[in-house]
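Asks: Quick note, the sequence shown lines up with residues 1 to 457 if you use the UniProt record's numbering. A virtual CB, placed ideally from N, CA and C, is assigned to each residue, including glycine. Please read all numbers here as calculations on a predicted model, not as lab measurements.
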Amino acid sequence: MKHTLVAGSAHLDILARPREKSGYRDRIGSVQLAAGGTACNVAFNLRKLGRPVRLMTAWGTSPIDRMMASHIESLGVDLMVDEVSGMGIAAFAAQLTPEGDLESAVSAMCVDKHTFSPLRITQAVAGTDLIVVEANLNSETMHAIAKAGRDAGSPVFGMAVSEDKVERLIPALPLLTALFANGAECEALMEKMGAADPSDITESIGVTLIVTRGERGAVVYGADGSRVKIQPPTLQDMKTLLGVGDAFSVGIIDGVVRHGKSYAEAAEHAHDLVKEIACRDTCNALSLHTLSNMVDELDGTARYDALTGLMQRAAFEREYKRLEESGGHALLLIDCDRFKQVNDEHGHEVGDSVLKGVASIIAGSIRKGDIPGRWGGDEFVVVLPPSSDAQVVAERIRGATAASQLYGVTLSVGVAIAEAGEKLETVFRRADAAMYSAKRNGRDAVVFESETSRNAA
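1) Could you give the DSSP three-state label for E425: helix, strand or coil?
2) Would you identify the three-state DSSP class for F44, choosing helix, strand or coil?
3) In chain order, what residues of the same chain lie with their CB nearer than 8 Å to the CB of A445, ignoring the 5 residues before and after it?
4) Helix, strand or coil for Q95 per DSSP?
5) Looking at the strands, I want to know which residues DSSP matches up with residue 536.
6) How about R443 and T401: are their beta carbons less than 7 Å apart?
7) How many whole angstroms separate the CB atoms of L323 and T128, which I take to be in contact at a CB cut-off of 8 Å?
8) Pull the bridge partners of M159 from the DSSP assignment, please.
9) With respect to the beta strand (DSSP E) encompassing D352, which residues constitute its N-terminal and C-terminal limits?
10) Roughly how many whole angstroms lie between the Cα atoms of D299 and A314?
11) Quick one: is Q231 buried, meaning 16 or more other Cβ sit within 10 Å of its Cβ, or exposed?
12) Since S154 is in the alpha helix (DSSP H), which residue starts that stretch and which ends it?
13) Do we get a CB-CB distance below 7 Å when we pair A418 with the residues of chain D?
14) Since V125 contacts V156 with CB under 8 Å, what's their CB separation in whole angstroms?
15) Do the segment 96 to 106 and the segment 45 to 63 make contact, defined as three or more Cβ pairs closer than 8 Å?
16) Relative to the alpha-carbon of G86, which residue among P98, S199, D65 has its alpha-carbon at the smallest distance?
17) Going by other Cβ atoms of all chains shown within 10 Å of its Cβ, with 16 needed for buried, is A196 buried or exposed?
18) Could you name the residues that DSSP lists as bridge partners for S412?
19) Name the two residues that bound the continuous alpha helix (DSSP H) containing H71.
20) Hey, quick one: how far does the beta strand (DSSP E) through K229 stretch, first residue to last?
21) So what does DSSP say about V257, is it helix, strand or coil?
22) If you reduce the DSSP assignment to three classes, tell me which class G206 lands in.
23) Does DSSP put G29 in a helix, a strand or coil?
24) By how many angstroms is the C-alpha of R367 removed from the C-alpha of L424?
25) Out of G183, A184, A403, H11, point me to the one whose CA is closest to S62's CA.
26) Any idea what DSSP makes of D299, helix, strand or coil?
27) Ordered along the chain, which non-local residues of its own chain (more than five positions away) have a Cβ less than 6 Å from that of A172?
28) Is the beta carbon of A418 closer than 7 Å to that of H348?
29) Report the rounded CA-to-CA distance for K321 versus P385, giving the unit in angstroms.
30) Name the residue from D378, K2, A416, T202 whose alpha carbon lies nearest to the alpha carbon of A152.
31) With a threshold of 6 Å on Cβ separation, who are the neighbours of D254 within its own chain once the five nearest residues in sequence on each side are excluded?
32) Go through its chain and collect everything with a Cβ distance to Q123's Cβ below 8 Å, but skip five positions before and after it.
33) Check whether the Cβ atoms of V111 and T177 sit closer than 7 Å, and answer yes or no.
34) Return helix, strand or coil for M1, following the three-state DSSP convention.
35) If you run the structure through DSSP and keep just helix, strand and coil, what is F380?
36) Can you pull the DSSP bridge partners for M80?
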């Protein structure tokens with residue numbers, strides 16, 4: 001089964017809920033911490049329905065962001081994240097009413113400040129047959145993802161998120177299969193587009209619009225001028241209304257695309273998921289005890305190597321799998337020359353400082369979108385996209401290390417170019433042969449794979 005691509009926000013939810021109504025500003029109640037964000041909620045809810053999901057987002061490099069990455073991946077979501085140095089912490093802080101509805105909120109959705117590269121979008125769309133984008137992304141990214149999805153023949157659904165962000169969806173509207181919006185978001189969209197009625201938008205653009213009306217249900221405005229009223233589910237023992245809209249949208253999308261239902265029939269399909277979310281303290285089907293889970297996951301399952309800060313081997317292997325189908329990328333295998341001698345003569349603390357120094361040089365010598373990692377011991381790996389000059393990058397890393405005087409440590413670098421569909425282990429074997437050729441020829445060198453090693457692999 002192919003993946004569903006969900007692109008948008010993933011962040012920390014901070015949900016404060018007073019025990020009872022009060023005129024006081026400082027009230028007694030509860031505070032919940034959870035993994036959230038519209039795209040994250042959608043991804044988790046799809047996983048709850050048993051669907052394979054890829055989540056595309058962007059955030060910073062803080063420990064909280066990295067804890068989020070480990071938590072999301074532990075729940076079976078294929079995470080594709082662009083880490084942006086200097087980007088603030090992504091979070092949503094909400095004040096709820098005692099009944100669980102939203103009273104006020106402040107959000108910092110850093111993903112809207114980031115534009116994903118065409119290569120990254122191509123990688124994200126590969127192997128998917130359904131795409132969901134949401135308005136926490138900027139207009140350029142939403143349009144690019146929607147176009148890539150439609151070019152690939154996949155249905156693309158949009159989610160409006162909030163009144164002040166719905167305008168971002170306008171350039172992508174003609175590419176969408178359907179758009180989900182609540183009443184306020186729909187009114188804002190009509191105002192921006194000069195429409196008197198939702199059907200003015202759907203009929204002129206050819207998109208289906210599903211407008212949710214809370215306890216009054218929803219209305220589906222078809223591109224053919226049709227209107228279908230959808231009844232709301234009956235909610236009992238409700239704890240929160242946050243996340244109910246996301247769950248409703250997911251249930252409808254799943255019913256329409258996976259089960260061939262009409263929108264009205266799919267709404268019935270969505271009711272069970274909506275009821276489950278409404279009875280939770282969090283905004284999606286999987287985020288329970290998130291903070292404690294994230295801390296636990298740091299013990300042995302971290303995405304990043306604790307010493308060097310580069311991606312650890314298991315995470316690197318997961319990232320590489322996304323590239324296998326296309327091919328053309330370069331794999332650099334980097335080995336530290338005479339590293340054992342440094343450890344023996346100067347001790348492991350010095351050895352660790354050398355590894356940190358090499359990792360810093362690697363990170364500073366590559367571009368955003370390149371994938372560096374620590375393979376293990378004193379070996380590092382880097383994946384470069386097809387457009388990169390692998391020789392130049394490898395020489396830059398080698399030369400900077402030689403000039404840095406890291407206790408005499410230099411680098412032997414092997415380079416191999418991957419074929420389309422080629423597994424990491426075979427590309428690695430060729431890069432490994434090239435790296436050992438560099439060592440045999442005196443070390444401190446970059447060697448490309450030979451035709452002999454390519455044929456042998």
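Replies: Working from what's here:
1) Residue state, collapsed to three classes: helix.
2) Here F44 sits in helix by DSSP.
3) The beta carbon of A445 sits closer than 8 Å to the beta carbons of R398, S412, V413, A438 from its chain, once the five residues preceding and following it are set aside; these are given in chain order.
4) Annotated three-state conformation of Q95 is strand, per DSSP.
5) It is not possible to answer for residue 536, since the shown part of the chain is limited to 1 through 457.
6) Contact flag unset, no.
7) 15 Å between Cβ atoms; not a contact.
8) Paired residue(s): E134, F180.
9) Looking at the DSSP string, D352 is not in any beta strand (DSSP E); the run it does join, the alpha helix (DSSP H), is 348 to 365.
10) Reliability fails at D299, whose pLDDT of 45 lies under 50, so the model's placement of it is uncertain and no value is given.
11) With fewer than 16 Cβ atoms within 10 Å of its Cβ, Q231 is classed as exposed.
12) S154 -> no alpha helix (DSSP H), and no H or E assigned at all.
13) Judged by its chain identifiers, the structure shown contains no chain D, having just a single protein chain.
14) About 10 Å separates the beta carbon of V125 from that of V156, a gap too long to meet the 8 Å contact definition.
15) By the Cβ criterion, the segment 96 to 106 is not in contact with the segment 45 to 63, since fewer than three pairs of Cβ atoms, one from each stretch, lie closer than 8 Å.
16) Per the Cα distances, D65.
17) By the neighbour-count rule (16 or more Cβ atoms within 10 Å), A196 is not buried but exposed.
18) DSSP links S412 through a beta bridge to D335, A445.
19) Here the alpha helix (DSSP H) through H71 covers 63 to 74.
20) Its beta strand (DSSP E) spans residues 227 to 230.
21) In the three-state reduction of the DSSP assignment, V257 falls in the helix class, which pools H, G and I.
22) Correct three-state label for G206: coil.
23) If DSSP states are grouped into helix, strand and coil, G29 belongs with the strands.
24) Rounded to the nearest angstrom, the gap between the Cα atoms of L424 and R367 is 21 Å.
25) Taking only the C-alpha atoms, the option nearest S62 is H11.
26) Only weak support exists for where D299 lies, its pLDDT of 45 falling under 50; the value from the coordinates is given anyway. Taken through DSSP and simplified to helix, strand or coil, D299 comes out as coil.
27) Apart from the 5 residues on each side of it in sequence, A172 sits with its Cβ closer than 6 Å to the Cβ of M142, H143, A146 in its chain, given in chain order.
28) H348 places its beta carbon 7 Å or farther from that of A418.
29) So the alpha carbons of these two residues sit roughly 14 Å apart.
30) The shortest C-alpha separation from A152 is found at K2.
31) The residues are L49.
32) Excluding its 5 nearest sequence neighbours in each direction, Q123 has C-beta neighbours in its own chain below 8 Å: M80, R322, L323, S326, listed in chain order.
33) Taking 7 Å as the Cβ cut-off, V111 and T177 do not qualify as a contacting pair.
34) In the three-state scheme derived from DSSP, where H, G and I count as helix and E and B as strand, M1 is classed as coil.
35) In this structure, F380 counts as strand in the three-state DSSP scheme.
36) Per DSSP, M56.
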